[in-house]
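Please read the structure below before turning to the comments.
In the numbering used here, the protein residues as written are 4 to 131.
Here it is in structure tokens:
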């Protein structure tokens, strides 16, 4: 996937990426077992989805082994950053702080999460 293309996986593609992030490199059967348990997807649909994801550059396939092994082509962290960047641009006109404030207002943050936010703010302000 080139840097200029937008990173817009579908919900099912994100679910399959989450499976690969959790399992690590895996054959179709393992990916399908997880996807089928969650969505009741049939095997041929899983194969087709992986093929589409391969074309989009979301996964890579190791054809040197049998069965072929699929791996996520992007890390969870990288995917999250790209999705957040797209969201900030599309919904908040590039104002990241608006997204942060909205997120903090709409979901109950744990004390640990609030401490992490405070620590990040302190770092941004240059406080020790």
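Every residue gets a Cβ at the ideal spot worked out from N, C-alpha and C, and that includes glycine. Please read all numbers here as calculations on a predicted model, not as lab measurements.
Length of the line joining the Cα atoms of residue i and residue j
{"i": "residue 72", "j": "residue 52", "result": "14 Å"}
{"i": "residue 25", "j": "residue 39", "result": "16 Å"}
{"i": "residue 78", "j": "residue 99", "result": "22 Å"}
{"i": "residue 89", "j": "residue 108", "result": "20 Å"}
Neighbourhood of residue i by C-beta distance below 7 Å, restricted to the same chain and skipping five residues each side
{"i": "residue 8", "result": "Any reading at residue 8 must be qualified, since the residue scores a pLDDT of 49, below 50, and its modelled position is unreliable; the value itself is stated next. Correct list: empty, nothing qualifies."}
Chain-order list of residues whose beta-carbon lies under 8 Å from that of residue i (same chain, five-residue window excluded)
{"i": "residue 31", "result": "46, 49, 50, 53, 70, 71 and 73"}
Best match in the options for proximity to residue i [C-alpha to C-alpha]
{"i": "residue 68", "options": "37, 103, 28 and 21", "result": "28"}
Cβ-based neighbour list, residue i, same chain, cut-off 6 Å, excluding 5 preceding and 5 following
{"i": "residue 76", "result": "60, 61, 62 and 63"}
What are the start and end residues of each continuous alpha helix (DSSP H) run of 4 or more residues lying completely inside the stretch 67-94, in chain order? none
The stretch 107-123 in contact with the stretch 28-47 per 3-pair CB rule at 8 Å: no
Unbroken stretches of the beta strand (DSSP E), 3 residues or longer, contained in the stretch 28-68: 62-65
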